[in-house]
Every structure is written in C-alpha cells, then in structure tokens.
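Input: a single structure, listed below in structure tokens.
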Amino acid sequence: MSLHSQSVDKEEIKSFVKYSKHLRKILLPVFEDLQFRLAFRLLPVRSRFWFLQQSNPRIIYCVRNGCDSVETEQHLFFESKKPVVRDEWKECEEAIGDVWHTFRAVTLHFIWSDRNRCLFDGRQPTPTTPAMLVIFTTVD
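Start counting the sequence shown at 1; every next residue gets the next number (full-length UniProt numbering).
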C-alpha cells in the first residue's frame with residue numbers, strides 16, 4: 001500500500017526549488033518552511049508513524065472526529081471532508097474572499113492580455129516567473 005504519491009520527477013523538483021527561492025523573498029520563513037516540507041514530503045503527517053501502530057492502533061488515522069482515513073499530506077490538505085474552521089476566521093471570510101477574487105481577476109486579466117499581445121503584437125508569451133511577478137505586484 002502506497003500512502004504517498006510517487007509521481008514527482010526530477011524536473012518538478014528542480015522547478016520547485018527554483019520557484020521556492022523566489023518564495024523565500026516574499027514569504028515569512030514559517031510559511032516557506034511548510035511549503036518546502038510539503039513539496040519534499042517531509043511533513044510529519046500521521047501516516048509516517050506506521051511503526052507505532054502496535055502501541056497505538058489509530059496512530060496513522062486522521063485526527064478529525066468521524067474521519068477514518070489515513071492522514072497523508074494529500075488527505076490533510078486536499079481530501080479531508082471535515083476541514084477545521086475556527087469561529088475567528090468567520091469574521092475574515094469576506095476579506096479573504098475579496099483577496100482571492102481580486103487575485104483571480106488579476107491573473108485572468110494578465111493571461112488574457114498576454115494572449116492578446118501574442119496574437120496582435122506578435123510577441124512571445126511571458127515566461128511564468130516574470131508573469132507571476134507582474135501578477136503579485138499588481139495585487140500588492
């Protein structure tokens with residue numbers, strides 16, 4: 001039984017390392033560290049503690065009540081049907097939604113504008129890193 005995706009290849013790792021250098025400049029270290037650990041499968045999620053099952057049979061399972069799935073990175077961040085939502089975040093819900101929709105709108109506008117520059121001005125598509133820099137500085 002495989003608990004973690006084995007589909008990451010060397011090129012994806014190189015790409016992430018290159019991009020993470022940029023992230024280190026804009027993220028607080030605690031956030032960048034989590035991104036790094038997640039990318040390289042270094043988070044101590046419960047599935048990694050399979051060797052302790054004899055003393056604690058539930059050690060590999062999700063900590064959320066009513067969830068009987070094995071806790072992997074994939075499950076914890078993307079598949080869990082019981083996300084933890086704290087009441088304190090409720091008052092920020094609108095602001096977070098506004099930030100997300102603004103980021104999405106700026107990104108879509110950039111993609112559309114870049115497409116038009118290619119189509120009508122004969123330019124080459126903007127490479128990903130400069131494109132992201134334009135998007136981030138527009139939102140900022």
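Glycine included, each C-beta is placed from N, C-alpha and C at the ideal position.
Computed from a predicted model, the values in this text were never measured in an experiment.
Worksheet item: Would you call the stretch 35–49 and the stretch 64–73 in contact, with 3 or more CB pairs under 8 Å?
Response: yes
Practice prompt. Specify, as a first and last residue, the run of the alpha helix (DSSP H) that residue 26 falls within.
Written response: 10–26
Worksheet entry | Identified DSSP bridge partners for residue 70 | 61
Worksheet item: Between residue 61 and the rest of its own chain, which residues show a CB-CB distance below 8 Å, the 5 nearest in sequence each way excluded?
Response: 46, 67, 68, 69, 70 and 71
Fill in: Contacts around residue 39, its chain only, beta-carbon distance under 6 Å, and the 5 residues preceding and following it disregarded
16
Worksheet item: Nearest to residue 129 by alpha carbon, out of 9, 10, 13 and 20?
Response: 20
Item to complete: With residue 113 as the anchor, note down where its alpha helix (DSSP H) starts and where it stops.
Response: 93–121
Discussion item. Counting only beta-carbon separations shorter than 8 Å, does residue 10 have a partner in chain C?
Written reply: Absent here is chain C; the protein component of the structure consists of one chain.
Worksheet entry | 6 Å Cβ shell around residue 144 - same chain, five flanking residues per side excluded | Nothing about residue 144 can be read from this structure; the chain reaches only from 1 to 140.
Worksheet item: Between which two residues does the alpha helix (DSSP H) carrying residue 76 extend?
Response: Where residue 76 is concerned, there is no enclosing alpha helix (DSSP H), given that its DSSP letter is neither H nor E.
Worksheet entry | Same chain, Cβ closer than 7 Å to residue 120, five either side skipped, listed in chain order | So no residue of the chain qualifies.
Worksheet item: Can you give the Cα-Cα distance for residue 115 and residue 125, rounded to whole angstroms?
Response: 7 Å
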